[in-house]
Amino acid sequence: MGHPQSAVSQHTLLVRTTGPQPTTNDQMIKAIRGTRDLLPPDTALWNFVEKTVGEVFGAYNFQEIRTPIFEATELFARGVGEETDIVSKEMFTWEDRGRAQSEKNQLLTLRPENTAGVVRAYIEHNLQQRGLNKLYYIGPQFRRERPQKGRYRQFYQIGAEVIGPASSGSESPMRDAELLEMLATLLDRLGVTGWTLELNSIGCAADRARYNEALRQALDPVKDKMCGDCQRRAVTNPLRVFDCKVPEDQPIIEQLPRISEYLDEPCRQHFGQVKEILTSAGVPFTLNDRLVRGLDYYTRTAFEFTHGALGAQNAILGGGRYDGLSESLGGPPVPGIGFAIGEDRLVMSLGKTAEEVSRKPDVYIAPLGAGMNKEAIRLARELRRHNIVAELGDETFRLKKSLETGSKLGAKYALIVGENEVSTGVFALKNLATGEQKSVARNELAGAIRASQ
Ligand code: HAM
Numbered sequence: 115m116g117h118p119q120s121a122v123s124q125h126t127l128l129v130r131t132t133g134p135q136p137t138t139n140d141q142m143i144k145a146i147r148g149t150r151d152l153l154p155p156d157t158a159l160w161n162f163v164e165k166t167v168g169e170v171f172g173a174y175n176f177q178e179i180r181t182p183i184f185e186a187t188e189l190f191a192r193g194v195g196e197e198t199d200i201v202s203k204e205m206f207t208w209e210d211r212g213r214a215q216s217e218k219n220q221l222l223t224l225r226p227e228n229t230a231g232v233v234r235a236y237i238e239h240n241l242q243q244r245g246l247n248k249l250y251y252i253g254p255q256f257r258r259e260r261p262q263k264g265r266y267r268q269f270y271q272i273g274a275e276v277i278g279p280a281s282s283g284s285e286s287p288m289r290d291a292e293l294l295e296m297l298a299t300l301l302d303r304l305g306v307t308g309w310t311l312e313l314n315s316i317g318c319a320a321d322r323a324r325y326n327e328a329l330r331q332a333l334d335p336v337k338d339k340m341c342g343d344c345q346r347r348a349v350t351n352p353l354r355v356f357d358c359k360v361p362e363d364q365p366i367i368e369q370l371p372r373i374s375e376y377l378d379e380p381c382r383q384h385f386g387q388v389k390e391i392l393t394s395a396g397v398p399f400t401l402n403d404r405l406v407r408g409l410d411y412y413t414r415t416a417f418e419f420t421h422g423a424l425g426a427q428n429a430i431l432g433g434g435r436y437d438g439l440s441e442s443l444g445g446p447p448v449p450g451i452g453f454a455i456g457e458d459r460l461v462m463s464l465g466k467t468a469e470e471v472s473r474k475p476d477v478y479i480a481p482l483g484a485g486m487n488k489e490a491i492r493l494a495r496e497l498r499r500h501n502i503v504a505e506l507g508d509e510t511f512r513l514k515k516s517l518e519t520g521s522k523l524g525a526k527y528a529l530i531v532g533e534n535e536v537s538t539g540v541f542a543l544k545n546l547a548t549g550e551q552k553s554v555a556r557n558e559l560a561g562a563i564r565a566s567q
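Residue numbers (the numbering used here): 115 to 567.
Below, the structure written as structure tokens:
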């Protein structure tokens, strides 16, 4: 990302010398390609999702963790893997100037995913002391991918990680099945239908070494016909060939050996138990032994939930086990499993509209005539303390304009605050949908409005 400070100071100089100029349309500053503003009423859907996530994950005893949005580049290089598309092509990385002259510049990266950060925090704060940790997060991630529907350069993930020493049961197939069952429950609670859980096991490190060798041998005679990336992958990290999107390479990839034939007995048994527990929990799944996931840290169980309505970017979420990740980051041997949901995609696949989950004002308070603003704000304060959504008008509005404004906002009632009402303590409460109006004493207003919520 170069040296942002010098760029900014150059730019400031430019503005100073030229002075403020009228702005034309193409000079307008816009959000950067691949980023976007989330606006109301859509933000109500995001809030609905995040609130439901808090409730559902809470019921499984997950607690929230928040890690920084930038970390040392090395964390992702070691955690996610140098050969992955994420690390080799997609990271936003810059050189941070050392604070003191003697200090070396450090390479920093906007997080492209959150699992490496969570495991780093786990190691750094010695969370191992607490046994099994169930942590979840919600936040932005950054990848320099080609933007398209459902794919952004700043996108949001909702993720969860279960990490702990083997003695805490972290390796048990029960953890895998429970996590997948939690995801099915969350999607049901959100009203997302039509999803498919694709499931695979990519074995332990030893299985993968044998599998990678088999892939290397199979690729050797054909790799020259493949894209440049695959030619490199065939030598350095053959498993990554499955990330290839080049159509001409697909017939070759289709013929490659399958990971399911390279699992050792313990991995086979582990996977068998995950499937059994899932079946008894009533969670449907489809086996897909081509699903290897695009990050290097995975071991054993790997999965994705896809959704037909999403188009080309059809994975709502992905995850799996990463039993060796902590050690590769210099931590203790603590097996883990987790997932991340693409929140942008999840929101796109919701069956609900923003209107269905938004709260409209319960009441539009219409002060009528000079001096009524100060009465109206006191009334609004009293009502809002009762968790009533109140929108305030202005005493300069005529009654007709107030009623129109209240209706436009979708308020259920208009509350008229005139001199007469204030002196008698009895207010006109008008139902904006039916036009029906009733007189309500001040201390009964909250009850009358709430009764219809
Ligand atoms: P991932 O498969 O790279 O896994 O990302 C998880 C989900 O994030 C994807 O299924 C997708 O829904 C969403 N996603 C990824 N890239 C984009 C993008 N450019 N625009 C919009 N959405 C996107 C991980 O990140 C792992 N950390 C998951 C994990 C957690 N594994 C174990 N624990």
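Cβ atoms here follow ideal geometry from the backbone N, Cα and C, with glycine treated the same way.
Quick caveat: nothing in here was measured; it's all calculated off a predicted structure.
By the neighbour-count definition (other C-beta atoms within 10 Å, threshold 16), isoleucine 146 is an exposed residue. At least one heavy atom of ligand 1 falls within 6 Å of the beta-carbon of leucine 431.
Counting every other CB atom within 10 Å of its CB across the protein chains shown gives leucine 377 a total of 16 or more, marking it as buried. Boundaries of the beta strand (DSSP E) harbouring isoleucine 252: 247 to 256, taken from the DSSP string. The DSSP-derived three-state label of arginine 211 is coil. Distances taken from the Cβ of phenylalanine 269 to the heavy atoms of ligand 1 include one shorter than 6 Å.
Nearest Cα to asparagine 247 within the set Arg260, Gln177, Leu493 and Arg234: Gln177.
The count of Cβ pairs closer than 8 Å, one atom from the segment 223 to 239 and one from the segment 202 to 214, reaches three, so the stretches are in contact. A Cβ-Cβ distance of about 12 Å is found for the pair arginine 382 and aspartate 403, leaving them out of contact under the 8 Å criterion. Not one heavy atom of ligand 1 sits closer than 6 Å to the Cβ of phenylalanine 176. Approximately 20 Å separates the beta-carbon atoms of alanine 158 and serine 521; this is outside 8 Å, ruling out the contact. Here the segment 415 to 422 lies against the segment 314 to 321, with 3 or more beta-carbon pairs under 8 Å apart.
Counting C-beta pairs closer than 8 Å gives three or more between the segment 268 to 284 and the segment 228 to 237, which meets the contact rule. Contact between the segment 478 to 486 and the segment 527 to 544 is established, with three or more Cβ pairs separated by less than 8 Å. Your pair valine 540 and serine 553 checks out as a contact, with CB atoms roughly 5 Å apart and the cut at 8 Å. Following the DSSP letters along the chain, one finds phenylalanine 269 in no alpha helix (DSSP H) but inside the beta strand (DSSP E) bounded by residues 268 to 277. In the DSSP assignment, the residues bridged to phenylalanine 453 are Ala274 and Gly433. For leucine 405 against phenylalanine 419, the beta-carbon gap comes to about 11 Å, at or over 8 Å, which does not count as contact. For lysine 488, DSSP records no beta bridge to any residue.
Glycine 456 has its Cβ nearer than 6 Å to a heavy atom of ligand 1. Taking 6 Å as the cut-off, one finds at least one heavy atom of ligand 1 near enough to the beta carbon of glutamate 227. In this structure, glutamate 259 has its beta carbon less than 6 Å from a heavy atom of ligand 1. The beta carbon of aspartate 476 sits closer than 6 Å to those of Ile502, Val503, Lys526 and Ile563, all from its chain and outside the five residues before and after it, given in chain order. Closest by C-alpha distance to arginine 257, out of Ile391, Asp199 and Leu297, is Asp199.
Remark: the shortest separation between the CB of arginine 265 and any heavy atom of ligand 1 falls under 6 Å. Closest option to arginine 322, judged by alpha-carbon separation, among Pro447, Ser374 and Ala332: Ser374. By the neighbour-count criterion, in which a residue is buried when 16 or more other Cβ atoms sit within 10 angstroms of its Cβ, aspartate 334 is exposed. The residue from Leu543, Lys515 and Trp309 with its alpha-carbon nearest to that of serine 566 is Leu543. Contact between the segment 338 to 347 and the segment 355 to 368 is present, with at least three C-beta pairs closer than 8 Å. DSSP places lysine 552 outside any alpha helix (DSSP H); the residue lies instead in the beta strand (DSSP E), whose first and last residues are 551 to 555.
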